[in-house]
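Enquirer:
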Amino acid sequence: MNINATLIGQAIWFAVFIWITMKFVWPPLQKAMADRQAQIAEGLAAAERGKHEQELAAKRSADALREAKEKSADLVAQAEKRAQQIVEEAKGTANVEKDKIVASAQAEIDQEVERAKQQLRERVAELAVAGAEKILRKEINASAHADMLVALKQDL
Amino acid sequence: MSADGGTLTTTGYIQHHLTNLTVCSDAARDAAGHCHGFWSFHLDTLVISGLLGIIVFGLMAKVAGKATSGVPGSLQNFIEMVVGMVDQQVKDTFHGKSALVTPLAITIFVWVFVMNAMDLIPVDFLPLLAGAVGINYLKAVPTTDPNLTFAMSISVFLITIYTGLKVKGFGHFMHEVFAVPFGLKLAPVNLLFRIVEEIARPISLSLRLFGNMYAGEMVFILIALLGIWQLPLALPWALFHILIITLQAFVFMMLTIVYMSMASESH
Chain A
1 MNINATLIGQ AIWFAVFIWI TMKFVWPPLQ KAMADRQAQI AEGLAAAERG KHEQELAAKR
61 SADALREAKE KSADLVAQAE KRAQQIVEEA KGTANVEKDK IVASAQAEID QEVERAKQQL
121 RERVAELAVA GAEKILRKEI NASAHADMLV ALKQDL
Chain B
157 MSADGGTLTT TGYIQHHLTN LTVCSDAARD AAGHCHGFWS FHLDTLVISG LLGIIVFGLM
217 AKVAGKATSG VPGSLQNFIE MVVGMVDQQV KDTFHGKSAL VTPLAITIFV WVFVMNAMDL
277 IPVDFLPLLA GAVGINYLKA VPTTDPNLTF AMSISVFLIT IYTGLKVKGF GHFMHEVFAV
337 PFGLKLAPVN LLFRIVEEIA RPISLSLRLF GNMYAGEMVF ILIALLGIWQ LPLALPWALF
397 HILIITLQAF VFMMLTIVYM SMASESH
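Heads up: the sequence lines are chains A and B, in that order. Going by our numbering, 150 is the number at position 150 of the first sequence; the sequence numbering is gapless. Quick note: to get our numbering, add 156 to the position in the second sequence (first position is 1).
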């Protein structure tokens, strides 16, 4: 173990390398590392924010969906009620109409019957006359009725 | 394998592997050509540690210069992982404000790690390669040279003192030196304690790294001496050593952070 002037040379080397590290190695690396750290922290925060926002949006969309469902159920119920109402109304109207039609038909039928009766009535005399004529033509002979006629003559 | 003398004794082999490539002026050289005295340099330590540092810190600076805060490339990702790990340790331990601590910790961890990792290159590989181009000695793992570990720990020690003075101010710093832990009445004892503590730190810091790496390298050399038996032994030791490499780099870094934290916080 002999200590000699190498000591001085090594101390100079050491100083040179400390200077290089202090001047050219550590500051840029430290800056790069700190910058990256900041970037990563920022990115993580942004991701966290995004996640939060996404949760909110999911909640909002669920709310909207539920609301829409409720609304649609309401609408359906309302429509059903209205349909029933319309059907009822239609039934009522139809009944009234039916009664009216039936009544008017009845009246017409009555009228027809009356007219037929009238016609028949008009024809009855004619028929009676015609029948009577036929009967008369067959029944009337002078001999048979001479007595009656004679009797008649005497009454006068 | 022993380039000087050409003998291949076990001791020679080990000694050869543990000798630095040393240069000095002619005045400091003895008759056998060995350098003595302070003014000589371990060229292998200086060049290998310097090259490794230039490569790895150059690469890091290049990647950092193009660093994007968007999706990082694989290399940027890897560097950020290492740097981020060190920064996390600093944040957990050091609560003061200093622009120096994190770069210092990064430098220590990365540099010590790559220098320790030279351990995993087979012990004969680089010395033989160097031998082929006429370099007789080459100690490939710079952290097995106490000069390097002491240079680092003493630098850390000086930075710690400087930080303490800067953060606390001269008065508060001096008060702490003389009045902690026993109060001003026992100022000399406090000073003595403080000196022992401050000196023990760089010594333990550097000797821990040096001792671990030196011993690990020694085991690699001994395994390499076993002939065919090195085959089943070298791999487990290398795998185990990956742990040591990382751990020693981490410990050096961690203790530096702790010392810096102690320097900038009041007791």
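Where a beta carbon is used, it is the ideal one built from N, C-alpha and C, also for glycine.
Kindly list, in the order they appear in chain A, the residues whose Cβ is closer than 8 Å to that of E236 (chain B).
Expert: When 8 Å is used as the limit between beta carbons, E236 (chain B) is near these residues of chain A: L29, A32, M33, in chain order.
Enquirer: Beta carbon of M369 (chain B), beta carbon of T300 (chain B): below 7 Å?
Expert: yes
Enquirer: State buried or exposed for D175 (chain A), treating a residue as buried only when at least 16 other CB atoms are found within 10 Å of its CB.
Expert: The displayed coordinates of chain A run from 1 to 156. Any statement about residue 175 (chain A) would go beyond what the structure contains.
Enquirer: DSSP three-state call for H192 (chain B): helix, strand or coil?
Expert: coil
Enquirer: Consult DSSP for H173 (chain B) and reduce its assignment to one of helix, strand or coil.
Expert: helix
Enquirer: Just the Cα atoms here: how many angstroms apart are I210 (chain B) and T201 (chain B)?
Expert: 14 Å
Enquirer: Buried or exposed: F213 (chain B), going by 16 or more other Cβ atoms within 10 Å of its Cβ?
Expert: buried
Enquirer: Spell out whether any CB of chain B is found under 7 Å from the CB atom of R60 (chain A).
Expert: In terms of beta-carbon proximity, R60 (chain A) stays away from the interface with chain B, with every pair separated by 7 Å or more.
Enquirer: Please name the residues in the segment 289–304 of chain B whose beta-carbon is closer than 9 Å to at least one beta-carbon of chain A, in chain order.
Expert: If the cut-off is 9 Å between Cβ atoms, the segment 289–304 of chain B has P298, D301, P302, N303, L304 near chain A.
Enquirer: Look at the Cβ atom of T6 (chain A), then the Cβ atom of H192 (chain B), and state whether they are nearer than 7 Å.
Expert: no
Enquirer: Please report the straight-line C-alpha distance between M241 (chain B) and F376 (chain B), rounded to a whole angstrom.
Expert: 30 Å
Enquirer: Between L44 (chain A) and chain B, is any beta-carbon pair separated by less than 7 Å?
Expert: no
Enquirer: Under 7 Å between C-beta atoms, does V239 (chain B) make it to chain A?
Expert: yes
Enquirer: Within a Cβ cutoff of 6 Å, which residues of the same chain sit near D243 (chain B), ignoring the five residues on either side of it in sequence?
Expert: T258
Enquirer: Smallest Cα separation from A184 (chain B): which of B:F194, B:F338, B:T175?
Expert: B:F194
Enquirer: So, with DSSP's three-state summary, where would you put F197 (chain B)?
Expert: strand
Enquirer: Between the segment 267–281 of chain B and the segment 397–404 of chain B, are three or more C-beta pairs nearer than 8 Å?
Expert: yes
Enquirer: Going by beta carbon distance, what residues of the same chain come within less than 7 Å of L429 (chain B), once the five residues before and after it are set aside?
Expert: Because chain B in this structure spans residues 157 to 423, residue 429 (chain B) falls outside the shown range and cannot be described.
Enquirer: Drop a sphere of 10 angstroms on the beta-carbon of L29 (chain A), count the other beta-carbons inside from all chains shown, and report buried for 16 or more, exposed for fewer.
Expert: Buried.
Enquirer: Do the segment 247–255 of chain B and the segment 59–74 of chain A touch if we need at least three Cβ pairs shorter than 8 Å?
Expert: no
Enquirer: So I264 (chain B) packs on F408 (chain B), CB below 8 Å; how close in whole Å?
Expert: Contact between I264 (chain B) and F408 (chain B) holds: CB atoms are separated by about 6 Å, below the 8 Å threshold.
Enquirer: How is T178 (chain B) classed by DSSP in three states: helix, strand or coil?
Expert: strand
Enquirer: Does any residue of chain A have a CB that is nearer than 7 Å to the CB of L216 (chain B)?
Expert: As written in the sequence, residue 216 (chain B) is Met, which differs from the Leu given in the question. Chain A, which has a Cβ nearer than 7 Å to the Cβ of M216 (chain B), makes this yes.
Enquirer: Using a 10 Å radius around the Cβ and a threshold of 16 neighbouring Cβ atoms, would you call E236 (chain B) buried or exposed?
Expert: buried
Enquirer: Determine the direct distance from the alpha carbon of C180 (chain B) to that of A159 (chain B), and round the result to whole angstroms.
Expert: Residue confidence for A159 (chain B) is low, a pLDDT of 41 falling below 50, so the modelled location carries little weight and cannot support an answer.
Enquirer: Quick one: does the C-beta of A394 (chain B) sit closer than 6 Å to a heavy atom of the ligand MN?
Expert: Although the ligand MN was asked about, the structure shown includes no ligands whatsoever.
Enquirer: Quickly, what does DSSP pair R185 (chain B) with across the bridge? List them, please.
Expert: B:C191
Enquirer: Could you work out which residues of chain B lie near A47 (chain A), taking near to mean beta carbons separated by less than 7 Å?
Expert: Chain B residues near A47 (chain A): none, gap ~17 Å exceeds 7 Å.
Enquirer: Closest by CA to T106 (chain B), which one among B:A380, B:W393, B:L391?
Expert: There is simply no residue 106 (chain B) to check, as chain B begins at 157 and stops at 423 in what is shown.
Enquirer: Check whether the Cβ atoms of M216 (chain B) and V16 (chain A) sit closer than 7 Å, and answer yes or no.
Expert: In this structure, V16 (chain A) does not lie closer than 7 Å to M216 (chain B) by Cβ.
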